[in-house]
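Heads up: the structure comes next, in structure tokens.
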Amino acid sequence: MKKPVVLTVVGGVALLLVGVLWWTFVRSSPTTAFNDMLSNNLSTPGVTRVLEQKSGQLQIAQYTQLQLGAQPTAHALTTLTQQGGVIATEQISTQQNDYVRYQKIVATAKTADGKPVDVSSVVGKWAKMEKGSSLGSSVTAGLFNQTLFGIMPIANLEPAARKDLLHYINANDVFTYDPAKVKTMSLQGRKAYSYEVSIKPAPYIKMMQEFGKLVGIHQYDDINANNYATSASIPVTIVVDARSHALAEVDQSATGRTERYTGFGLMPQTEVPKATLTTKQLTEQLGKLQQTSTAN
Numbered sequence: 010m011k012k013p014v015v016l017t018v019v020g021g022v023a024l025l026l027v028g029v030l031w032w033t034f035v036r037s038s039p040t041t042a043f044n045d046m047l048s049n050n051l052s053t054p055g056v057t058r059v060l061e062q063k064s065g066q067l068q069i070a071q072y073t074q075l076q077l078g079a080q081p082t083a084h085a086l087t088t089l090t091q092q093g094g095v096i097a098t099e100q101i102s103t104q105q106n107d108y109v110r111y112q113k114i115v116a117t118a119k120t121a122d123g124k125p126v127d128v129s130s131v132v133g134k135w136a137k138m139e140k141g142s143s144l145g146s147s148v149t150a151g152l153f154n155q156t157l158f159g160i161m162p163i164a165n166l167e168p169a170a171r172k173d174l175l176h177y178i179n180a181n182d183v184f185t186y187d188p189a190k191v192k193t194m195s196l197q198g199r200k201a202y203s204y205e206v207s208i209k210p211a212p213y214i215k216m217m218q219e220f221g222k223l224v225g226i227h228q229y230d231d232i233n234a235n236n237y238a239t240s241a242s243i244p245v246t247i248v249v250d251a252r253s254h255a256l257a258e259v260d261q262s263a264t265g266r267t268e269r270y271t272g273f274g275l276m277p278q279t280e281v282p283k284a285t286l287t288t289k290q291l292t293e294q295l296g297k298l299q300q301t302s303t304a305n
């Protein structure tokens, strides 16, 4: 009667060892983590992205929450700093409209009599950016579209569509890296993997075109991917959380751009604001500010 008990114990230990081995060599491997990251990016209802970029004396910091539920929205706080001047904006973008308001303007320019420029006519007031307007493009630059079409595409695709896009990514080596050069690191106290990734321009553009069709955005449609067939690969560093297999960071050192990601799966609620200014009115107000100011 004792033999079955012994066999049960041995069998339980064997299953435990199999589970440990699976976790150690399969689930927690850098290759599995990277592949899961690509899939997770395309099956999330929400994410938060922190973007930092430096270009000469211009510094950009942007905090964006992307919500991909019934009413997809992107909500961003952006700060631009240059030579002592500061512009802080809040942006809310849907698939139909963009809204923006200036939260803070610190101008280095003065009026003709040496006084600070009065910016109260634009600060704190929401303006609705008409799609296709020059100001809408320059201020919001299609925030919702930009967040979806980051260096790594992010969406909440149907399983079949996600499977097809992942198949294309893998079959065409859109993102390649040397497994032997993957580094293990600590990111905010959590184990993470760092990959030196090469992005092939032509397959990448074709991938983005297919991705655009799936999400109903066509900003890549007019680009001929074949024109980039001989272009050099683009180097980026991608960091993936070793436990959750979630994208943690994308670093493009050539452009001084770093993207950090958190909150995968969360769906922050964002209300569309009531605009008090039109694009034309905001443009006129900004024009008046420029006319009354003189550079230091």
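Per my numbering, residue 10 is the first one in the sequence shown, and the count goes up by one each step. No residue lacks a Cβ here, since even glycine has one placed at the ideal position from N, Cα and C.
CB of residue i within 8 Å of CB of residue j, strictly
i, j, result
"F43", "V245", "no"
"A83", "T185", "no"
"S232", "I214", "Correcting the residue type first, residue 232 is Ile in the shown sequence and not Ser. Yes, Cβ-Cβ distance for I232 and I214 is below 8 Å."
"A211", "N179", "no"
"Q100", "L152", "yes"
"T285", "K134", "yes"
"K137", "Y108", "yes"
"L291", "Y270", "no"
"V191", "Y202", "yes"
"Q105", "A85", "no"
"Y111", "V132", "yes"
DSSP state of residue i mapped onto helix, strand, coil
i, result
"R171", "helix"
"H176", "helix"
"D231", "coil"
"A257", "strand"
"I163", "coil"
"V287", "The question names Val, but residue 287 in the sequence shown is Thr. In the structure shown, T287 sits in a strand (DSSP, three-state: E or B)."
"F184", "strand"
"T239", "coil"
"A226", "In the sequence as displayed, the identity of residue 226 is Ile instead of Ala. Of the three classes helix, strand and coil, the one that applies to I226 here is coil, per DSSP."
"A189", "helix"
"E280", "coil"
Beta-carbon separation (whole angstroms), residue i vs residue j, contact threshold 8 Å
i, j, result
"Q307", "Q66", "The question about residue 307 has no answer here: the residues shown for the chain are numbered 10 through 305."
"Q261", "N154", "No, Q261 and N154 are not in contact; Cβ-Cβ is about 19 Å, not under 8 Å."
"I247", "Y204", "5 Å"
"Q300", "S130", "At roughly 13 Å, the Cβ-Cβ gap does not stay under 8 Å, so Q300 and S130 are not in contact."
Euclidean distance between Cα positions of residue i and residue j
i, j, result
"P188", "G272", "27 Å"
"A79", "P54", "10 Å"
"G20", "S48", "Caution applies to G20, whose pLDDT of 46 falls short of 50 and renders its modelled position unreliable; the model cannot decide the point."
"W32", "T41", "Its pLDDT being 44, under 50, W32 is placed unreliably in this model, and the value from its coordinates should be taken loosely. W32 and T41: Cα-Cα distance of roughly 11 Å."
"E219", "F158", "12 Å"
What residue ranges within the segment 41-129 form continuous beta strand (DSSP E) runs of no fewer than 3 residues, ordered along the chain?
55-64, 67-76, 82-91, 94-103 and 107-115
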